[in-house]
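Quick note on numbering: the working numbering labels position 12 of the sequence shown as 266, and the sequence is numbered without any gaps. Just so it is clear, CB atoms sit at the ideal spot from N, CA and C, and this is done for glycine as well. As the structure is a prediction and not an experimental result, all values here were calculated from the model. A short worksheet on the structure shown next.
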Amino acid sequence: MSYEELKSVLVSLGLSEDDISPDATREEAGLDSIAVVELALVLRREKGVAVTEEEIGATLTVADVAALVGAR
Numbered sequence: 255m256s257y258e259e260l261k262s263v264l265v266s267l268g269l270s271e272d273d274i275s276p277d278a279t280r281e282e283a284g285l286d287s288i289a290v291v292e293l294a295l296v297l298r299r300e301k302g303v304a305v306t307e308e309e310i311g312a313t314l315t316v317a318d319v320a321a322l323v324g325a326r
């Protein structure tokens with residue numbers, strides 16, 4: 255999954271497109287603990303990407319999340 259695809263998923267979860275950039279931290283992008291759970295669920299169910307909340311929570315930036323998801 256590319257950064258742009260991930261950004262689209264994050265926006266669909268209600269995060270502000272203006273806050274999402276590759277170098278934004280998860281917190282700056284609005285990816286709090288609830289959003290992390292929602293993201294992991296959407297990635298598993300709708301995108302077929304097996305990633306856990308813990309793995310997403312261990313990332314620092316949006317680019318790190320995209321790299322994690324892209325590696326799956």
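- Query: What residues are listed by DSSP as bridge partners for residue 279?
  - Reply: As a first step, residue 279 is located in the sequence shown; it is residue number 25 there, counting from the start. Paired residues: 315.
- Message: Buried or exposed for residue 288, going by 16 or more other Cβ atoms inside 10 Å?
- Response: Within the sequence shown, residue 288 is the residue found at index 34, counting from 1. Flag for residue 288 reads exposed.
- Message: If contacts are defined as beta-carbon pairs under 8 Å, then residue 313 and residue 294 qualify, I think. What distance do you get, rounded to the angstrom?
- Response: What you label residue 313 is simply residue 59 of the sequence shown in a count that begins at 1. What you label residue 294 is simply residue 40 of the sequence shown in a count that begins at 1. Contact doesn't hold; Cβ gap of about 12 Å is too wide.
- Run of the alpha helix (DSSP H) containing residue 266, from where it starts to where it stops: Counted from its first residue, the sequence shown places residue 266 at position 12. Counting along the chain, the alpha helix (DSSP H) containing residue 266 begins and ends at 257 to 266.
- Message: For residue 288, report the span of its alpha helix (DSSP H) as first-last.
- Response: Here residue 288 is taken as the residue at index 34 of the sequence shown, counted from 1. Taken as a continuous stretch (DSSP letters only), the alpha helix (DSSP H) holding residue 288 covers 287 to 301.
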